[in-house]
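S.K.:
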Amino acid sequence: MGKLNNITDYIERYQNDIQTPCYLYSPYSAKINYHSLKEALGTNLIVSIKANSNFDFLSLLGNRVDGYEATSLNELKTIVQLNAQERFMNSPALGELEIKKCLASNTVFIIDNLEQLDEILGTPYRDKIEIFLRVNSSEILKSKEVKINQDQFGLSINDAKLACNRLNHSHVVVKGIHTYSGSYTFSQIAFTLIDGISDLVCGLESILNYKLTAINLGGGFSSNWQYEEFDFSKYRDALNSRLSGYVLYHESGRAVFERAGWFVTKVIKQKEIGNCLYSICDGGIAHSFLLCQTEAMIKRYRSPHFIKETQLTEPVDLMFVGNSCNRQDIIGKAKSSCRAPVTGSLLVFDDCGAYHQSYSPVNFLGLEKAKTYILMDEIS
62 MGKLNNITDY IERYQNDIQT PCYLYSPYSA KINYHSLKEA LGTNLIVSIK
112 ANSNFDFLSL LGNRVDGYEA TSLNELKTIV QLNAQERFMN SPALGELEIK
162 KCLASNTVFI IDNLEQLDEI LGTPYRDKIE IFLRVNSSEI LKSKEVKINQ
212 DQFGLSINDA KLACNRLNHS HVVVKGIHTY SGSYTFSQIA FTLIDGISDL
262 VCGLESILNY KLTAINLGGG FSSNWQYEEF DFSKYRDALN SRLSGYVLYH
312 ESGRAVFERA GWFVTKVIKQ KEIGNCLYSI CDGGIAHSFL LCQTEAMIKR
362 YRSPHFIKET QLTEPVDLMF VGNSCNRQDI IGKAKSSCRA PVTGSLLVFD
412 DCGAYHQSYS PVNFLGLEKA KTYILMDEIS
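Here it is in structure tokens:
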């Protein structure tokens with residue numbers, strides 16, 4: 062193991078050993094991302110593995126991760142095998158089978174709706190259950206006259222109060238409150254959410270007649286959070302001022318994994334139409350769906366690094382396309398470039414460690430799945 066300057070150095074060195082299309086993941090980089098964010102927040106930090114559930118990758122993060130959150134039975138199987146202090150199950154569709162699996166693995170339930178709560182209260186082992194109540198973030202922020210996009214997750218404030226009334230007549234203890242405001246929302250609502258959560262907790266504790274022990278304020282961090290204009294010192298002070306006495310959590314997947322992964326594909330054919338050079342690749346929409354940005358109103362395609370390139374006498378537009386018959390199978394672009402890949406070149410896309418592999422329709426057209434490589438060198 063050693064430290065290389067960057068990912069392109071690594072791929073150039075090992076290109077004959079890499080089968081494309083593939084993902085490369087760096088545990089070294091993910092560890093740095095995790096501990097940097099945890100230190101900035103000053104709280105526990107739970108890792109959401111829906112962003113990346115590769116077991117080999119996760120197992121190399123070490124045992125200093127505060128906990129993992131699963132959203133499905135398959136993810137629960139993964140986190141049960143990981144050496145973490147705490148495990149959480151967070152699914153609106155949590156049913157009888159999931160309840161049994163969570164009980165067997167000492168996993169904390171995050172309750173999304175009253176019907177879930179009734180199922181849990183009906184289980185014979187309810188006295189062994191630990192739960193968080195998930196409360197809809199837009200409901201919490203609405204009380205502070207802050208609007209975010211309303212989603213379907215969590216209890217309304219009224220249902221949270223009803224839940225506490227039902228729990229008063231059971232042996233199930235509410236460990237804490239959970240909320241999540243959505244992707245990329247953290248810096249917009251962080252301080253307001255502290256105030257809203259503080260008021261909410263006081264109201265729920267008055268119904269329960271006991272003090273909650275923990276609060277999960279969610280996440281919504283970008284992978285570039287360090288470069289945003291946000292005062293983390295002031296944020297930590299606000300947490301200590303309004304929510305002291307509680308065990309505090311945040312959660313993240315994107316900020317931990319995104320910059321710790323790369324997608325690599327090979328140019329297998331090339332052609333020119335008009336003033337555009339098309340590189341047809343062995344990986345595309347079936348392997349890295351998010352690169353195609355099919356759901357984006359405004360598409361901002363990425364430009365990859367080239368492992369082997371040629372200099373052009375005249376600039377041309379470059380288009381990088383996948384190996385399907387789908388017109389939207391476009392994974393990258395470059396405008397007026399004076400350099401271009403050649404047939405056989407490897408293309409390397411940065412920031413593909415979160416969601417890119419897990420959100421891709423790998424069975425599309427029966428194509429081969431993307432391989433996965435875990436980098437044991439210190440790549441960041």
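Numbering (the working numbering), first residue to last: 62 to 441.
Backbone N, C-alpha and C define an ideal beta-carbon position, used for all residues, glycine too.
1. Going by CA-CA distance only, name the one from E200, T139, P185, E147 that's closest to E157.
2. Quick check for students: name the residue ranges of the alpha helix (DSSP H) that lie wholly in the region 267-324, counting only runs of 4 or more.
3. So the candidates are L300, D292, F282; which of them puts its Cα closest to the Cα of G314?
4. Taking the straight line between their C-alpha atoms, what separation do you get for F291 and I250?
5. In the DSSP assignment, what residue or residues form a beta bridge with L106?
6. Count the other CB atoms within 10 Å of the CB of T104; is the residue buried (16 or more) or exposed (fewer)?
7. In angstroms, rounded to a whole number, what distance separates the CA positions of I72 and E429?
8. Am I right that E147 and G128 are in contact with their C-beta atoms under 8 angstroms? What's the rounded C-beta distance?
9. Near K162, what residues of its chain come up, given a Cβ to Cβ distance below 7 angstroms and the 5 sequence neighbours on each side ignored?
10. In three-state terms, what does DSSP make of V235?
11. Would P88 pass as a contact of L143 if the rule is Cβ separation under 8 angstroms?
12. Do you know how far the Cα of I171 is from the Cα of A221?
13. DSSP state of F381, grouped into three classes?
14. Taking C-beta to C-beta, are L202 and L254 nearer than 8 angstroms?
15. Look at L102 and F318 and say whether their C-beta atoms are less than 8 angstroms apart.
16. Rounded to a whole number of angstroms, what is the C-alpha to C-alpha distance between A299 and F252?
17. DSSP beta-bridge partners for Q331?
18. Might you give, ordered along the chain, the residues of its own chain that have their beta carbon closer than 6 angstroms to the beta carbon of T132, omitting 5 neighbours on each side?
19. List the endpoints of the continuous beta strand (DSSP E) containing C399.
20. On the CB-based measure, 16 or more other CB atoms within 10 Å of its CB, does A321 come out buried or exposed?
21. Three-state secondary structure (DSSP) at A131?
22. Out of S406, D343, A431, which has the shortest C-alpha to C-alpha gap to I391?
23. What are the partner residues of E247, as DSSP defines its beta bridges?
24. Let me know if L408 comes out buried or exposed under the rule of 16 or more other beta-carbons within 10 Å of its beta-carbon.
25. Excluding the 5 residues preceding and the 5 following I13 in the sequence, name in chain order all residues of the same chain whose CB lies nearer than 6 angstroms to its CB.
26. Quick check on DSSP: helix, strand or coil for H96?
27. Between which two residues does the beta strand (DSSP E) carrying N197 extend?
28. Taking 8 angstroms as the threshold (C-beta atoms), are N384 and I341 in contact?
29. When the Cα of E289 is compared with those of Y245, I329, V403, which residue comes out closest?
30. Secondary structure at Y71, three-state DSSP: helix, strand or coil?
31. Return yes when the Cβ of S114 is within less than 8 angstroms of the Cβ of T139, no when it is not.
32. Could you tell me the boundaries of the beta strand (DSSP E) in which E147 lies?
33. What residue does the alpha helix (DSSP H) around F118 start on, and which one ends it?
34. Mind checking which residues open and close the alpha helix (DSSP H) that includes L85?
35. Assign T139 to one of three DSSP states: helix, strand, or coil.
36. Is DSSP giving F350 helix, strand or coil here?
M.R.: Reading from the atomic positions:
1. Within the sequence shown, residue 157 is the residue found at index 96, counting from 1. It is P185 whose Cα lies nearest to the Cα of E157.
2. 293-303, 315-318
3. Numbered from 1 along the sequence shown, position 253 holds the residue referred to as residue 314. Out of L300, D292, F282, F282 has the C-alpha closest to the C-alpha of G314.
4. In the sequence shown, the residue the question calls residue 291 occupies position 230. In the sequence shown, the residue the question calls residue 250 occupies position 189. Cα-Cα distance, rounded: 11 angstroms.
5. By 1-based counting over the sequence shown, the position of residue 106 is 45. Its beta-bridge partners are H311.
6. If you number the sequence shown from 1, residue 104 lands on position 43. The residue in question, T104, is buried, as its Cβ has 16 or more Cβ neighbours within 10 Å.
7. For the purposes of this step, residue 72 is taken as residue 11 along the sequence shown, with counting starting at 1. For the purposes of this step, residue 429 is taken as residue 368 along the sequence shown, with counting starting at 1. Rounded to the nearest angstrom, the two C-alpha atoms are 21 angstroms apart.
8. By 1-based counting over the sequence shown, the position of residue 147 is 86. By 1-based counting over the sequence shown, the position of residue 128 is 67. Yes, they are in contact, since the Cβ atoms of E147 and G128 sit about 4 angstroms apart, within 8 angstroms.
9. For this step, residue 162 is matched to residue 101 along the sequence shown. Excluding sequence neighbours, K162 sits near L134, L137.
10. For the purposes of this step, residue 235 is taken as residue 174 along the sequence shown, with counting starting at 1. DSSP places V235 in strand when its eight states are reduced to three.
11. Numbered from 1 along the sequence shown, position 27 holds the residue referred to as residue 88. Numbered from 1 along the sequence shown, position 82 holds the residue referred to as residue 143. Not in contact: P88 and L143 (Cβ atoms no closer than 8 angstroms).
12. The count along the sequence shown starts at 1 and reaches residue 221 at position 160. The count along the sequence shown starts at 1 and reaches residue 171 at position 110. Going from the Cα of A221 to the Cα of I171 covers about 12 angstroms.
13. Sequence index remark: in the sequence shown, residue 381 carries index 320 (1-based). DSSP places F381 in strand when its eight states are reduced to three.
14. As a first step, residue 202 is located in the sequence shown; it is residue number 141 there, counting from the start. As a first step, residue 254 is located in the sequence shown; it is residue number 193 there, counting from the start. Yes; because the gap between Cβ atoms is below 8 angstroms, this pair is in contact.
15. Position 41 of the sequence shown, counted from the start, is the residue given in the question as residue 102. Position 257 of the sequence shown, counted from the start, is the residue given in the question as residue 318. Cβ distance not < 8 angstroms, so L102 and F318 don't count as in contact.
16. To locate residue 299, count along the sequence shown from 1; it is residue 238. To locate residue 252, count along the sequence shown from 1; it is residue 191. Whole-angstrom Cα-Cα distance: 7 angstroms.
17. By one-based count along the sequence shown, residue 331 stands at place 270. Q331 pairs with S340.
18. For the purposes of this step, residue 132 is taken as the residue at position 71 of the sequence shown. So the qualifying residues of the chain are K111, N151, S152.
19. Position 338 of the sequence shown, counted from the start, is the residue given in the question as residue 399. From DSSP, the beta strand (DSSP E) with C399 extends over 391-410.
20. Locating residue 321 in the sequence shown gives position 260, where the first residue counts as 1. Burial call: buried.
21. On the sequence shown, position 70 is the one that residue 131 refers to. In this structure, A131 counts as strand in the three-state DSSP scheme.
22. The count along the sequence shown starts at 1 and reaches residue 391 at position 330. Among S406, D343, A431, the Cα nearest to that of I391 is on D343.
23. Here the question's residue 247 lines up with position 186 in the sequence shown. Residue 247 is actually Phe in this sequence, not Glu. Partner(s): none; F247 has no beta bridge.
24. Working through the sequence shown from its first residue, we reach residue 408 at position 347. Its Cβ being crowded by 16 or more others within 10 Å, L408 is buried.
25. The chain is shown from 62 up to 441; residue 13 falls before or after that span and cannot be answered.
26. Residue numbering aside, residue 96 sits at position 35 when the sequence shown is read from its first letter. Note: H96 maps to helix in three-state DSSP.
27. Looking up residue 197 in the sequence shown gives position 136. Looking at the DSSP string, N197 is not in any beta strand (DSSP E), and its letter there is neither H nor E.
28. Residue 341 sits at position 280 when you count from the first residue of the sequence shown. Residue 384 sits at position 323 when you count from the first residue of the sequence shown. Yes.
29. Sequence index remark: in the sequence shown, residue 289 carries index 228 (1-based). The residue with the shortest Cα to Cα distance from E289 is Y245.
30. Working through the sequence shown from its first residue, we reach residue 71 at position 10. Helix.
31. For the purposes of this step, residue 139 is taken as residue 78 along the sequence shown, with counting starting at 1. For the purposes of this step, residue 114 is taken as residue 53 along the sequence shown, with counting starting at 1. Cβ distance < 8 angstroms, so T139 and S114 count as in contact.
32. As a position in the sequence shown, residue 147 is number 86, starting the count at 1. Note, E147: beta strand (DSSP E), 147-151.
33. Within the sequence shown, numbered from 1, the residue matching residue 118 stands at position 57. 116-120 is the extent of the alpha helix (DSSP H) around F118.
34. Here residue 85 refers to the residue found at position 24 of the sequence shown. Not the alpha helix (DSSP H): L85 falls in the beta strand (DSSP E), residues 83-86.
35. Start at 1 with the first residue of the sequence shown, and residue 139 comes out as number 78. Residue state, collapsed to three classes: helix.
36. Position 289 of the sequence shown, counted from the start, is the residue given in the question as residue 350. DSSP places F350 in helix when its eight states are reduced to three.
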